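Down below is the structure, laid out as structure tokens.
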Amino acid sequence: MSLMNNLSTSMISSSSSTFLAPTSFNSRTQSVSVPLKSINIVKCVATPQEQQNAYKTKVSRNANIAKLQAGYLFPEVARRRAAHLLKYPNAQVISLGIGDTTEPIPDVITSAMAKRSHALSTLEGYSGYGAEQGEKALRAALASTFYRNLGIEDDDIFVSDGAKCDISRLQVVFGSNVTMAVQDPSYPAYVDSSVIMGQTRQFQKDVEKYGNIEYMRCTPENGFFPVLSKVARTDIIFFCSPNNPTGAAATREQLTRLVKFAKDNGSIIVYDSAYAMYMSDDNPRSIFEIPGAKEVAIETASFSKYAGFTGVRLGWTVIPKQLLFSDGFPVAKDFNRIVCTCFNGASNIAQAGGLACLSSEGLEAMQEVIGFYKENTKIIVETFNSLGFKVYGGKNAPYVWVHFPGRSSWDVFSEILEKTHIVTTPGSGFGPGGEGFIRVSAFGHRENVLEACRRFKQLYN
Ligand SMILES: Cc1ncc(COP(=O)(O)O)c(C=O)c1O
1 MSLMNNLSTS MISSSSSTFL APTSFNSRTQ SVSVPLKSIN IVKCVATPQE
51 QQNAYKTKVS RNANIAKLQA GYLFPEVARR RAAHLLKYPN AQVISLGIGD
101 TTEPIPDVIT SAMAKRSHAL STLEGYSGYG AEQGEKALRA ALASTFYRNL
151 GIEDDDIFVS DGAKCDISRL QVVFGSNVTM AVQDPSYPAY VDSSVIMGQT
201 RQFQKDVEKY GNIEYMRCTP ENGFFPVLSK VARTDIIFFC SPNNPTGAAA
251 TREQLTRLVK FAKDNGSIIV YDSAYAMYMS DDNPRSIFEI PGAKEVAIET
301 ASFSKYAGFT GVRLGWTVIP KQLLFSDGFP VAKDFNRIVC TCFNGASNIA
351 QAGGLACLSS EGLEAMQEVI GFYKENTKII VETFNSLGFK VYGGKNAPYV
401 WVHFPGRSSW DVFSEILEKT HIVTTPGSGF GPGGEGFIRV SAFGHRENVL
451 EACRRFKQLY N
């Protein structure tokens with residue numbers, strides 16, 4: 001990955017917070033702040049001409065990484081946004097694309113981090129490397145907050161620097177000889193890490209899929225839950241609920257079927273519950289609510305979208321002791337080995353923040369942040385509904401999945417960017433099943449979401 005450029009330009013952004021500001025559909029005249037902000041253009045794959053003539057080492061490139069297509073989706077979206085800003089330097093670009101949080105971290109949480117940070121400057125308060133698996137108090141708080149009465153013990157929980165990092169560490173545990181299934185569409189980290197690990201064959205352009213990955217189609221027709229009778233057996237099944245990008249949340253009955261499917265096939269489910277706290281419906285928040293799941297499932301989760309920790313970095317992964325490989329060896333023991341080898345534990349300051357998140361004030365504050373984004377989601381859903389689009393998601397996740405039947409996702413992405421200066425995410429970036437959709441993220445300041453909706457109405461009315 002090469003850092004290609006670094007420029008300053010104008011974009012609608014985050015400095016004037018409207019956190020907990022009153023919501024109004026009529027506040028179209030609200031001003032939108034346009035601070036100058038430095039952004040990086042990162043180009044992931046293409047090699048510039050001068051590099052082609054440069055001195056080369058004798059080290060051959062990892063052939064698995066070479067299989068990856070273009071850039072990772074989100075850097076590619078960022079690259080196109082940056083190119084748009086070069087073309088329209090004065091455009092007031094609104095980003096509802098990448099899905100990064102915008103609202104400040106509640107004070108009760110940052111105060112705890114500041115306190116821990118200051119303590120590091122004292123002899124009594126200093127600490128260096130901590131337990132690789134996370135601090136005892138945080139593991140206990142995670143178990144009692146999210147897994148009470150589910151039979152998950154404190155030491156089944158591994159604290160981490162985020163769910164994405166754990167997804168890759170899990171892939172290292174599984175190695176290159178396993179087979180993998182993913183929801184189609186799905187969060188791109190599952191497929192990309194699988195490719196990098198060498199679990200796949202080459203990308204097949206005709207079907208827009210990597211060989212040796214089982215793509216479980218999730219469409220409006222099947223209620224965004226795969227038809228399991230048509231899914232081939234794989235060793236590992238990545239399953240995300242509430243789902244990024246479709247916003248769909250699996251029901252108890254569907255998850256019960258998924259757990260049975262995994263058990264019948266001797267597969268392991270990696271259940272990504274990064275958006276569980278966004279759930280409004282009475283669906284399971286954890287896979288471990290399903291009887292028997294402890295023998296077949298791992299769960300990965302994150303503070304990123306609950307507390308605005310996308311930059312702080314803190315998540316966790318649950319691997320029950322009951323989950324065993326075919327030779328009877330506990331999966332958790334191998335994960336522990338990888339964590340100790342490839343990671344040295346989450347930041348102690350971040351963990352202090354995590355503990356504060358789980359205090360009663362912290363939980364309340366996180367609910368307020370989530371409530372704010374859910375209100376944004378409602379505004380976006382209502383806008384597209386009023387324009388006659390078929391809209392999915394939004395109720396249980398901070399993503400709205402908008403259908404543009406018969407159109408290419410990248411074309412719609414470009415049309416919206418060109419005509420409204422709004423960045424969305426093309427559905428096909430999440431897998432071939434996302435073609436014809438765009439994902440609109442609800443992470444944004446209220447005035448920007450309202451302004452974006454006004455522009456959507458202008459474009460599609
Ligand atoms: C489904 C899903 N899992 C994991 C992550 C990554 O979370 P983290 O910031 O904890 O790495 C994201 C981030 O957008 C996500 O959408």
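FYI, full-length UniProt numbering numbers position 56 of the sequence shown as 56, with every residue one higher than the one before it. For glycine and all other residues, C-beta sits at the position ideal for the given N, C-alpha and C. Owing to the predicted nature of the structure, the values given are computational and were not obtained by experimental measurement.
Neighbourhood of residue i by C-beta, 8 Å cutoff - its chain only, sequence neighbours within 5 removed
i	result
M197	N64, Q171, V172, F174, G175 and S176
N344	Y129 and E132
L323	I268, K294, E295, V296, A297, I298, P330, V331 and A332
K263	G292, E295 and V296
Q204	Y210 and G211
A54	none
Y126	A119 and L120
Q458	T420
F288	Y147, L150, G151, I152, K294, A297, E299, V318 and P320
A350	M113, D161, F309, V312, R313 and L314
F404	F389, V412, G436, F437 and I438
Inter-residue Cα distance where the pair is residue i and residue j
i	j	result
G162	R439	22 Å
L138	Q52	49 Å
S160	G388	43 Å
I319	G328	15 Å
N336	P226	32 Å
W401	T246	5 Å
S27	A250	Any reading at S27 needs caution, since the residue's pLDDT is 32, under 50, leaving its predicted position unreliable; the model's value is listed next. Answer to the nearest angstrom: the Cα atoms are 35 Å apart.
G358	L142	What sits at residue 358 in the sequence shown is Leu, not Gly. Taking the straight line joining both Cα atoms gives about 7 Å.
S149	T420	The residue you asked about is not Ser; residue 149 is Asn in the sequence shown. Looking at the two C-alpha atoms, the distance is approximately 49 Å.
G99	G308	11 Å
Y392	A248	8 Å
L86	E103	27 Å
E76	G431	15 Å
W316	C342	15 Å
K260	F413	39 Å
E153	S386	47 Å
E418	V449	18 Å
residue 463	L314	There is no way to answer for residue 463, as the model of the chain reaches only from 1 to 461.
Q367	M113	19 Å
N244	T383	20 Å
D192	P426	17 Å
G371	K305	12 Å
R257	P185	20 Å
T23	Y399	Any reading at T23 must be qualified, since the residue scores a pLDDT of 33, below 50, and its modelled position is unreliable; the value itself is stated next. The alpha-carbon atoms of T23 and Y399 are separated by roughly 19 Å.
Buried or exposed (CB count within 10 angstroms, at least 16 for buried), residue i
i	result
Q49	exposed
F325	exposed
Q199	buried
Q133	buried
V207	exposed
R446	buried
E135	buried
G211	exposed
E435	buried
V59	exposed
R116	buried
C218	buried
L255	buried
L36	Residue confidence is low: L36 scores 35 on pLDDT, short of 50, so the model does not pin down where it sits. Its coordinate-derived value is still stated next. That one is exposed.
G151	exposed
G433	buried
G394	buried
S409	buried
S280	exposed
L73	buried
S229	exposed
D166	buried
A346	buried
Sequence-distant residues of the same chain with beta carbon closer than 6 Å to residue i, five excluded per side
i	result
I416	I422 and T424
I338	R169, V172 and V173
F239	I269 and Y271
K164	A189
N265	R233
F456	T383
A397	P242, G247, Y275 and Y278
H84	L417
Whole-number beta carbon distance between residue j and residue i, since they are thought to touch under 8 Å
i	j	result
V93	R81	6 Å
S286	F146	6 Å
Contacting residues, own chain, Cβ-Cβ under 7 Å from residue i (five flanking each side not counted)
i	result
L96	I422, V423, T424, V440, S441, G444 and A452
I109	A307, G353, A356, C357, G362 and A365
S194	Q171, M180, T200 and I213
P284	R252, L255 and I290
Any chain D beta carbon closer than 7 Å to residue i
i	result
S441	Given the protein chain composition of this structure (a single chain), no chain D is represented.
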